[in-house]
Amino acid sequence: MLSNVLEKFVPFLYNEDVDLDNPQGDIMIEFWTDTAGQDVVIELDGICGRHDLYKKLYDWWDSYDAEEEFELWYPMHGKRGVPDSPYTLLQDLEEVGRTVYELLDDIKREIYQG
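In our numbering, the protein residues as written are 192 to 305.
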(Lines of atoms letter the chains of each structure in order from A and count residues from 1; the text may use other names and numbers.)
(Lines give C-alpha, C1' and ligand atoms only; values in the text may rest on other atoms or scores of the structure.)
Protein backbone atom coordinates (compact mmCIF):
# COMPACT_ATOMS: atom_id res chain seq x y z
CA MET A 1 0.00 0.00 0.00
CA LEU A 2 1.16 3.50 -0.78
CA SER A 3 0.44 4.52 2.81
CA ASN A 4 3.06 2.04 4.05
CA VAL A 5 5.67 3.61 1.77
CA LEU A 6 4.77 7.18 2.70
CA GLU A 7 4.11 6.91 6.42
CA LYS A 8 7.79 6.92 7.37
CA PHE A 9 8.35 10.07 5.29
CA VAL A 10 5.23 12.04 6.15
CA PRO A 11 5.26 12.67 9.89
CA PHE A 12 3.56 16.04 9.53
CA LEU A 13 0.57 16.74 7.34
CA TYR A 14 -1.01 20.14 6.84
CA ASN A 15 -4.32 18.31 6.79
CA GLU A 16 -4.48 15.40 9.23
CA ASP A 17 -7.33 13.87 7.22
CA VAL A 18 -5.08 13.15 4.21
CA ASP A 19 -5.52 9.59 2.96
CA LEU A 20 -1.99 8.44 2.16
CA ASP A 21 -3.33 5.86 -0.29
CA ASN A 22 -5.01 8.66 -2.26
CA PRO A 23 -3.25 11.86 -1.16
CA GLN A 24 -4.98 15.18 -1.66
CA GLY A 25 -3.94 18.66 -0.56
CA ASP A 26 -0.65 19.90 0.84
CA ILE A 27 1.90 17.36 2.08
CA MET A 28 5.18 17.85 3.87
CA ILE A 29 7.69 15.02 3.51
CA GLU A 30 10.39 14.95 6.18
CA PHE A 31 13.36 12.69 6.82
CA TRP A 32 16.81 12.82 8.37
CA THR A 33 20.00 11.89 6.58
CA ASP A 34 22.27 9.20 7.98
CA THR A 35 25.49 10.92 6.92
CA ALA A 36 25.18 14.09 9.01
CA GLY A 37 21.63 14.00 10.39
CA GLN A 38 20.27 16.76 8.16
CA ASP A 39 16.56 17.42 8.67
CA VAL A 40 15.16 17.47 5.12
CA VAL A 41 11.70 18.96 4.56
CA ILE A 42 10.00 18.88 1.17
CA GLU A 43 6.69 20.72 0.82
CA LEU A 44 4.39 19.58 -1.97
CA ASP A 45 1.34 21.76 -2.49
CA GLY A 46 -1.98 20.98 -4.11
CA ILE A 47 -1.56 17.23 -4.47
CA CYS A 48 -4.43 15.67 -6.44
CA GLY A 49 -3.93 11.93 -6.04
CA ARG A 50 -1.16 9.38 -6.27
CA HIS A 51 0.09 10.22 -9.76
CA ASP A 52 0.24 13.93 -8.95
CA LEU A 53 2.21 13.18 -5.77
CA TYR A 54 4.70 11.17 -7.83
CA LYS A 55 4.97 13.88 -10.50
CA LYS A 56 5.50 16.74 -8.04
CA LEU A 57 8.06 14.80 -6.02
CA TYR A 58 9.81 13.78 -9.25
CA ASP A 59 9.93 17.43 -10.34
CA TRP A 60 11.47 18.36 -6.96
CA TRP A 61 14.07 15.58 -7.29
CA ASP A 62 14.82 16.47 -10.91
CA SER A 63 15.60 20.08 -9.98
CA TYR A 64 17.65 19.15 -6.87
CA ASP A 65 21.38 19.72 -7.31
CA ALA A 66 23.68 18.65 -4.46
CA GLU A 67 26.50 20.85 -5.76
CA GLU A 68 24.28 23.95 -5.77
CA GLU A 69 23.13 23.08 -2.25
CA PHE A 70 26.79 22.67 -1.26
CA GLU A 71 27.53 26.22 -2.44
CA LEU A 72 24.70 27.50 -0.26
CA TRP A 73 25.66 25.53 2.85
CA TYR A 74 29.46 25.51 2.75
CA PRO A 75 29.89 29.09 4.04
CA MET A 76 28.20 27.85 7.25
CA HIS A 77 30.43 24.75 7.63
CA GLY A 78 31.15 23.96 11.26
CA LYS A 79 28.27 26.16 12.48
CA ARG A 80 24.61 25.55 13.27
CA GLY A 81 24.85 21.83 12.65
CA VAL A 82 26.45 22.09 9.20
CA PRO A 83 29.27 19.53 8.96
CA ASP A 84 32.79 20.96 9.28
CA SER A 85 34.17 18.67 6.57
CA PRO A 86 33.38 19.65 2.96
CA TYR A 87 33.45 15.95 2.06
CA THR A 88 30.86 15.07 4.72
CA LEU A 89 28.67 17.99 3.70
CA LEU A 90 28.69 16.96 0.04
CA GLN A 91 28.06 13.30 0.94
CA ASP A 92 25.11 14.38 3.08
CA LEU A 93 23.62 16.51 0.31
CA GLU A 94 24.06 13.69 -2.21
CA GLU A 95 22.26 11.37 0.23
CA VAL A 96 19.22 13.66 0.04
CA GLY A 97 18.96 13.08 -3.71
CA ARG A 98 19.42 9.32 -3.34
CA THR A 99 16.82 9.07 -0.58
CA VAL A 100 14.21 10.98 -2.60
CA TYR A 101 15.02 8.83 -5.65
CA GLU A 102 14.46 5.67 -3.57
CA LEU A 103 11.17 7.09 -2.30
CA LEU A 104 10.12 7.84 -5.89
CA ASP A 105 10.99 4.28 -6.86
CA ASP A 106 8.87 2.92 -3.99
CA ILE A 107 5.94 5.19 -4.87
CA LYS A 108 6.15 4.24 -8.55
CA ARG A 109 6.18 0.54 -7.67
CA GLU A 110 3.11 0.98 -5.45
CA ILE A 111 1.20 2.98 -8.05
CA TYR A 112 1.90 0.75 -11.02
CA GLN A 113 2.35 -2.68 -9.44
CA GLY A 114 0.45 -2.15 -6.19
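Every residue, glycine too, gets a C-beta built ideally from N, C-alpha and C.
Report, in whole angstroms, the separation of the C-beta atoms of residue i and residue j, which I expect to be a contact under 8 Å.
{"i": "Q229", "j": "W223", "result": "7 Å"}
{"i": "V291", "j": "Y255", "result": "7 Å"}
Got a sec, what are the start and stop residues for the beta strand (DSSP E) residue i sits in?
{"i": "D212", "result": "Note, D212: premise wrong, no beta strand (DSSP E); not H, not E."}
Between the beta-carbon of residue i and the beta-carbon of residue j, is there less than 8 Å?
{"i": "L295", "j": "L248", "result": "yes"}
{"i": "I218", "j": "I238", "result": "yes"}
What does a CB cutoff of less than 7 Å around residue i pick up in its chain, not counting 5 residues either side in sequence?
{"i": "L263", "result": "none"}
{"i": "G269", "result": "D275"}
{"i": "F203", "result": "A caution first: F203 carries a pLDDT of 44, below 50, which makes its placement in the model unreliable, though a value can still be read off. Cβ neighbours of F203 beyond the five flanking positions: M219, E221."}
Taking the alpha-carbon of residue i as reference, which of the options has the nearest alpha-carbon?
{"i": "T279", "options": "I298, E258, K299", "result": "E258"}
{"i": "D253", "options": "E285, V273, D212", "result": "E285"}
Where does the unbroken alpha helix (DSSP H) through residue i begin, and where does it stop?
{"i": "V287", "result": "277-304"}
{"i": "D250", "result": "241-254"}
Short of 8 Å in beta carbon distance, which residues of its chain neighbour residue i, apart from the five on each side in sequence? Order them along the chain.
{"i": "R302", "result": "The sequence given here has Ile at residue 302, not Arg. The answer, listed in chain order, is L193, R241, H242, Y245."}
{"i": "V287", "result": "T224, Q229, V231, Y255, A257, E260"}
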